[in-house]
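Read left to right, the sequence shown gives residues 7 to 424 (the working numbering). Glycine residues also receive a C-beta, built at the ideal position from the N, C-alpha and C atoms. From a predicted model like this one, the values you see are computed outputs, not experimental measurements. Heads up, the thing below is written out as structure tokens.
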Amino acid sequence: MPLRNKIRPHAPADRPSPQSRSISARSRNVPASALSSWGGARLALTAFFAVDGLLFAAWVVRIPDIRNQVSASHGALGLALLCVSAGAVATMPVVSRLCLRYGSRPITVASLALLAVSVPLPAHTHSVPALGGVLLLFGAGYGGANVAMNSAAVEIVSELGRPVMPSFHAGYSLGGLLGAGAGGLLAGTLTAAQWLAIAGLLGLAVTGFAGAVLLRSPAARPVGTASSASSSSSGSTVAGAGRVLVLLLGLTAFCTAYGEGAVADWTTVHLTDDVRAGAQAAAAGYVAYALAMTTGRIGGTWLSVRLGQHRVMLLGGFTAAAGMLLAALAPLVPLALAGFVLVGLGLANLFPLAIAQAGAAGGPRGVALASTLGYGGMLIGPPVIGFLADATSLPLALTTVAVAAAFAALLPLAVRRR
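See below:
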């Protein structure tokens with residue numbers, strides 16, 4: 007992600023700028039040994055993103071089982087899922103301050119450990135209130151991990167001097183793919199409690215190993231502190247026109263993540279209840295979506311160079327909107343799966359590019375604001391879908407994801423004019 011003090015907020019994101027070339031020049035001056043050390047930190051942090059996605063997907067594919075276990079309606083399940091949002095929203099500002107005080111890396115390790123410990127708990131609840139209580143803890147770990155990981159990623163991108171932010175998010179998508187795939191394959195073999203316990207233990211093991219590597223790696227400088235000029239203006243990092251720009255980018259992230267959260271939590275339920283798919287076929291819906299998103303993010307940097315970031319966001323938003331309409335309204339499993347593939351491809355790079363541009367416009371505060379809005383959308387989406395499903399139907403409720411994706415496609419046009 008570009009540095010705030012090296013890229014002006016009004017610099018167009020679709021073509022190289024002198025400031026972006028200065029980042030490349032800086033990366034060439036970095037000693038090879040330092041690059042190797044930061045490369046180790048990059049791999050460790052990618053593992054954290056991957057295990058975060060795996061743990062979230064491990065929970066997602068067993069939501070129908072947990073729903074039946076607690077005898078929850080769509081609305082009651084939506085209320086329980088709202089507790090994930092509440093736990094995350096309450097934790098994110100606290101984690102942001104902890105990252106500033108203690109560094110983002112130790113907070114990343116602690117947050118992922120909390121997430122891994124909380125994953126098995128929903129399988130041991132037998133009422134909606136109990137489920138909501140453990141999902142508060144789950145949300146705290148998930149929200150805290152995402153704020154801390156993104157903060158650490160921004161610092162590593164700054165030190166490497168290369169735009170590698172999409173690769174971290176590709177790690178998240180790959181972890182989600184692995185978690186959903188394994189969870190679907192084992193759906194008929196392991197109970198929800200057994201599967202989530204295995205996922206939690208795996209999460210703790212990866213957290214311990216990757217955490218040791220990350221904490222031993224050379225400390226990265228916080229973004230925006232590299233020069234005295236930036237330090238003199240750090241008291242008002244996101245202000246005036248820059249704040250409006252970051253808010254627009256944060257709204258883009260919000261609309262995108264609204265769709266990600268809704269698809270993650272309601273795909274298996276929609277395919278099971280509305281399309282009459284079996285357990286493995288229902289899990290395949292999220293697998294198809296996660297595989298498409300992983301593929302899209304792996305190619306995200308190349309697409310951004312070839313087409314420009316704003317074009318990638320515009321095309322991605324409309325592709326996701328069309329795919330969601332197909333997935334929500336198609337009566338056949340193959341058509342619905344094809345729709346989820348389009349949703350994954352379309353949404354793949356919207357969130358990472360929005361966060362990257364927010365960092366260029368507003369530095370670390372810009373990243374924090376856009377990330378909070380974005381992950382807020384991911385966590386708010388599932389309960390909103392639940393309430394709308396009770397009021398109308400789940401397929402109709404899922405069409406709001408298409409509306410949000412189209413809105414996210416149009417927002418970059420407003421950003422580009424600034």
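Query, Result
"Distance between G147 and A94 (C-alpha atoms, nearest Å)", "7 Å"
"Contacts around A344, its chain only, beta-carbon distance under 6 Å, and the 5 residues preceding and following it disregarded", "none"
"V311 Cβ short of 7 Å to the ligand HEM heavy atom set", "For the ligand HEM, the structure offers nothing, since it holds no ligand at all."
"Beta-carbon contacts of S91 that lie in its chain and below 7 Å, excluding the five residues immediately before and after", "G145, L385, I386 and P389"
"Status (buried if at least 16 other CB within 10 Å, exposed otherwise) for S124", "buried"
"Beta carbon of F55 nearer than 8 Å to that of Y178", "yes"
"Element boundaries [alpha helix (DSSP H), containing H130]", "Segment: none, H130 is in no alpha helix (DSSP H) and carries neither H nor E."
"Inter-residue Cα distance where the pair is G187 and G382", "26 Å"
"Complete runs of the alpha helix (DSSP H) confined to the region 142-230 [at least 4 residues]", "171-191 and 198-222"
"L348 vs L359 beta-carbon contact at 8 Å", "no"
"P126: first and last residue of the uninterrupted alpha helix (DSSP H) it sits in", "Run containing P126: none; DSSP gives neither H nor E here."
"Unbroken alpha helix (DSSP H) run spanning G329, endpoints", "Q315 to L335"
"Segment limits, alpha helix (DSSP H) that includes P92", "What sits at residue 92 in the sequence shown is Ala, not Pro. From DSSP, the alpha helix (DSSP H) with A92 extends over H80 to Y108."
"Same chain only: Cβ atoms within 7 Å of S133, ignoring 5 sequence neighbours per side", "V76"
"Coil, strand or helix - N355 by DSSP", "coil"
"L297 versus L180 - alpha carbon distance", "7 Å"
"Three-state secondary structure assigned by DSSP to V293", "helix"
"Cβ contact check for the region 185-202 and the region 94-110: 3 or more pairs under 8 Å", "no"
"Three-state class that DSSP yields for S377 in the structure shown", "helix"
"Inter-residue spacing [alpha-carbon to alpha-carbon] between A420 and A408", "19 Å"
"For A86, the nearest candidate out of L142, L60 and A122 (CA to CA)", "L142"
"Cβ pair G2, A364 closer than 8 Å", "Since the displayed the chain opens at 7 and closes at 424, residue 2 lies outside it and no answer follows."
"Three-state secondary structure assigned by DSSP to S240", "Caution applies to S240, whose pLDDT of 39 falls short of 50 and renders its modelled position unreliable; the value that the coordinates give is listed next. Helix at S240."
"Inter-residue spacing [alpha-carbon to alpha-carbon] between T213 and A290", "27 Å"
"Proximity to V252 [Cα-Cα], best of V219, L83 and L375", "L375"
"V281 versus A129: straight-line alpha-carbon distance, rounded", "25 Å"
"For T258 and L321, believed in contact at Cβ under 8 Å, the rounded distance", "Not really, about 14 Å apart at Cβ, beyond 8 Å."
"Cβ-Cβ separation, D396 to G138 (assumed contact under 8 Å), whole Å", "So it is not a contact: roughly 17 Å between Cβ atoms."
"Three-state class that DSSP yields for D280 in the structure shown", "coil"
"Buried versus exposed call for T398 [16 or more other C-beta atoms within 10 Å across all chains shown]", "exposed"
"Buried/exposed call for V311, threshold 16 Cβ in 10 Å", "exposed"
"Three-state class that DSSP yields for G305 in the structure shown", "coil"
"Selection from T274, Y295 and D279 that minimises the alpha carbon distance to Q286", "T274"
"Exposure label - A50; buried when at least 16 CB within 10 Å", "buried"
"Contacting residues, own chain, Cβ-Cβ under 6 Å from A334 (five flanking each side not counted)", "P401, L404 and T405"
"Spatial distance of P99 from H175 (CA atoms)", "21 Å"
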